[in-house]
Structure formats: structure tokens, C-alpha cells
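> Take any residue in the sequence shown, note its place counting from 1, add 6, and you have its number in our numbering.
Where is the CB? At the ideal position from N, CA and C, for every residue including glycine.
Before anything else, here's the structure in question.
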Amino acid sequence: MSAAIVERNGIHGGFSGGLAGFMADGGAEDPLRPIRAFELRVSAVQQLTPHFRRITFTGGDLELFGANAAGQTLDLRVKVMIPALGHPLPELRHLRGSLQEDWYQNWRSHDESTRGAMRTYTVRALRPALPATGGAAGTPAELDIDFVLHLDGGSGPAAEWAATALPGDSMTLIGPCARWGDCLGIEFAPGAAERVLLVGDETAVPAIAAILESLPEHVTGHAVMEVPVAEDFLDMAAPSGVEVTWLARGQRPHGEALSARVRAVVVPAACSIGEEPEDVDIDSTILWETPEAGAGHGLYAWIAGEAATIRELRRYLVRDVGMDRNAVAFMGYWRQGQALD
Ligand SMILES: Cc1cc2nc3c(=O)[nH]c(=O)nc-3n(C[C@H](O)[C@H](O)[C@H](O)COP(=O)(O)OP(=O)(O)OC[C@H]3O[C@@H](n4cnc5c(N)ncnc54)[C@H](O)[C@@H]3O)c2cc1C
7 MSAAIVERNG IHGGFSGGLA GFMADGGAED PLRPIRAFEL RVSAVQQLTP
57 HFRRITFTGG DLELFGANAA GQTLDLRVKV MIPALGHPLP ELRHLRGSLQ
107 EDWYQNWRSH DESTRGAMRT YTVRALRPAL PATGGAAGTP AELDIDFVLH
157 LDGGSGPAAE WAATALPGDS MTLIGPCARW GDCLGIEFAP GAAERVLLVG
207 DETAVPAIAA ILESLPEHVT GHAVMEVPVA EDFLDMAAPS GVEVTWLARG
257 QRPHGEALSA RVRAVVVPAA CSIGEEPEDV DIDSTILWET PEAGAGHGLY
307 AWIAGEAATI RELRRYLVRD VGMDRNAVAF MGYWRQGQAL D
């Protein structure tokens, strides 16, 4: 199987791509890399529900933002650079957006109190620019991110930034370069699977929504999402054969309702038992186990959210249900009680 458990001190998900060529039209000093820096500004802010705030970004170089071959973003992750209060972001060492090889080490070398924070988010939607037609004005390319506002309890710089962001605010995102070819940062890889199981907490809702929108109509399965309160349930498009279940956490512990629902949807067969997955210390490493392609035409599962919940579901699905690990992606998106710098 092809699985990766990536150390926390790296840029998890393998976002530190190296130099591999030069832009055909850019000259020798304009290196082509899998990821680049996008200097954007907030163009709209929408409070979707009590805990979801959609921030729309626009900017000159968004037309270079990558997607898969079908133009979809699925669970595409980006790095969001949050400035420290009262300080501009440090220079990110890029040349017209192309990041230099040591940009991350350079960013880390700046003083923590002034360099700001880097966090991982999902592209909820990417809309290409529309040219002006007839009397109608054109629209610029736009990118949406749905931020969870976890302000009650353990708040963090990204949630705080999102809670107060206003149109006109600037923001640097690090994401895939459209000219590279392969789009770095997408994990959803169902292959030929015709049944899906999509499971996540509120941080995975943007990815699950984008994945559901992209699925062909013949795909069947379940999407199960746990969010803080019932007012956070969102409308989303899905194939008619995919049952979408929303769970409101309320006062229950994080992940309790999600685990119970997954156990009801995927029941172990009486005569099969799987291997015990190797343990992952979720306090020092990120739980990140993603196969490169789904296994055959059967079930493909994609599961993301708080690391302890995901570790527990991984154990259930791998050991108790005996799921093929080539057909399931497990991703710890955050860890309760820990900042993810
Ligand atoms: C691939 C990937 C994609 C992601 N996509 C999204 C997305 O689209 N939208 C989104 O909102 N998040 C997303 N996340 C999760 C997000 O990166 C984390 O929630 C991150 O910790 C938020 O940063 P922060 O600065 O607000 O809080 P941090 O400084 O990282 O953490 C501060 C405190 O807040 C707690 N905390 C962090 N997140 C939450 C939460 N959601 N609920 C309750 N407590 C929390 C931490 O445990 C810590 O105690 C994604 C993560 C990954 C790895």
C-alpha cells in the first residue's frame, strides 16, 4: 500500500516542492514550481452559519491557480499566511509568485512574534474570470475558503483573522501552480470506485461539499458530517444515491456522534477481521494516510477531522471492519488543544 504519515515539522501534505524547470515564456529567472504564492485581497465576506464564514479572494494572478484536469478542486489544500497583529507578512522569497526553494525555512527563521502564522485550509470553490459580454461587465477570477470560527474555547490566529476580515484586506495563499501539470494538494482519489463514504467534522465540510458536487450521478454512498450546532447544516449538491447526514454535536464530546453514525453505516462482517493499524502518536505527528488511487470498483472512503476522532475511526474501519487500506484516506486536519503552525 502507498500510505504516508508525515512528520509535523514538515509542511504536511508535501507542499515543499522543488525546482524542476523554467517557464516557457518567463525567461531563465522565472522558475516553474509545483506551488506558488498568490497575493490576493478579500473581495467578499459572508457569514454562512454561526460557525462557517466564507471569505472570497480575488487578485491578479489567480488565473495561475491550479486544479485537477477536470478543473475541480475537490479537497485541494492551501496554506493561508496570517499576518501578526501590527506587522506585515515577512517577504516570502518568491519571484513573480514562484517560491524559492528555501522559502519555508526563510519564513520560519523570522521572529515568531512578527512573522505571523501559517495554517492549512481547503479551497471551497474556484471560479475562473468571465470576460465582459455585450453590455455586461466581466468578473475577475475568485476563490472561496470556508473558515470555521472556533472562537469559543481554543481560538487561533486563522479563526480570529477570518472573524474580522473585511473586503480589501490582503492575504497571501500558497497553492498549486496551474502551469505545473499535476495539481499538488488533492488527496481525494477514488479511482474507479462507485461507492463512497465521506466522513468529517466541520473542518472537513468544505472539502466534502466540493467532492460531493464533483461526483458523477451514478455514484452512491454516504456523507456524514458533524458540526457544532444544527444551524451549521448547509445545503449542498450531491448525487441522488449519496445519503447526506448532518449531526449536531451540541454538548457532546467532539466526534462522538460522528463515530456512532459511522458504526451504524459500516457494520463489520461477522466472519472477517482486519489487521491492527500501527499506532500514531497524534500529539507529535500528523495522522495522514492516503492511498494514491482507490482500490477497484468497490467502496472508497475519505475521512478527515480532529486527529483523535480520525485515529479512532481508522482503527474501527481497518481492524474491526477489515477495510482495504488502499481504499481509504485518513487525515488528521487538526488536534484538539494544539496549534498547528
Ligand atoms: C488539509 C487541511 C484542510 C483544512 N481545511 C479547513 C477548512 O477548509 N476550513 C477550516 O475551518 N479548517 C480547515 N482545516 C483545519 C484548520 O487548519 C485548523 O482548524 C487550524 O488549526 C485552524 O487554525 P487556527 O489558527 O484558527 O487555530 P490554531 O492556532 O491552529 O489552534 C489554536 C487552538 O484552537 C484549537 N482548534 C483548531 N481548530 C479548531 C476547530 N476547528 N474547532 C475547535 N478548536 C480548534 C486547537 O486545538 C488549539 O487549541 C484544514 C486542515 C487541513 C490539514
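1) Taking only the alpha-carbon atoms, compute the straight-line gap between V129 and V235 and give it to the nearest angstrom.
2) I'd like to check one pair, R47 with G174: are the Cβ atoms closer than 9 Å?
3) Using only the heavy atoms of ligand 1, determine whether one of them is closer than 8 Å to the beta carbon of M337.
4) L203 and A244: beta carbons closer than 9 Å?
5) Can you give me the Cβ contacts of F194 inside the same chain, cut-off strictly under 6 Å, excluding the 5 residues immediately before and after it?
6) Among R114, G197, R99, which one has its Cα closest to the Cα of N332?
7) Short of 6 Å in beta carbon distance, which residues of its chain neighbour H228, apart from the five on each side in sequence? Order them along the chain.
8) Does the beta carbon of V154 fall short of 8 Å from some heavy atom of ligand 1?
9) Is R99 helix, strand or coil by DSSP?
10) Cβ of T5 versus every heavy atom of ligand 1: is any distance shorter than 8 Å?
11) DSSP state of A229, grouped into three classes?
12) Looking at the secondary structure, which residues open and close the beta strand (DSSP E) in which S49 lies?
13) Leaving aside the five residues before and after D150 along the sequence, list all residues of the same chain whose C-beta is less than 6 Å from its C-beta, in chain order.
14) Taking the alpha-carbon positions, what's the P222 to T120 distance?
15) Can you tell which of A143, T145, A164, G144 has the C-alpha that lies nearest to the C-alpha of F153?
16) Helix, strand or coil for E166 per DSSP?
17) Residues in the same chain with beta-carbon distance under 6 Å from A143, minus the five sequence neighbours each way, listed in chain order, please.
18) Rounded to whole angstroms, what is the Cα-Cα separation between L305 and M337?
19) Return the Cβ separation of R255 and V233 in integer angstroms, given the expectation that the two are a contact with Cβ distance under 8 Å.
Walking through what the data contain:
1) 23 Å
2) yes
3) Because some heavy atom of ligand 1 lies under 8 Å away, the Cβ of M337 counts as near it: yes.
4) With contacts defined by Cβ atoms closer than 9 Å, L203 and A244 do not form a contacting pair.
5) L80, D81, I217, W308
6) G197
7) Exclusion of the five residues before and after H228 leaves L203, E249, V271 as the residues of its chain whose Cβ lies within less than 6 Å of its Cβ.
8) yes
9) Coil.
10) Residue coverage of the chain in this structure runs from 7 to 347, which leaves residue 5 outside it and unanswerable.
11) In this structure, A229 counts as strand in the three-state DSSP scheme.
12) 41-53
13) R60, T62, R130, A131
14) 46 Å
15) A164
16) helix
17) none
18) 18 Å
19) 7 Å
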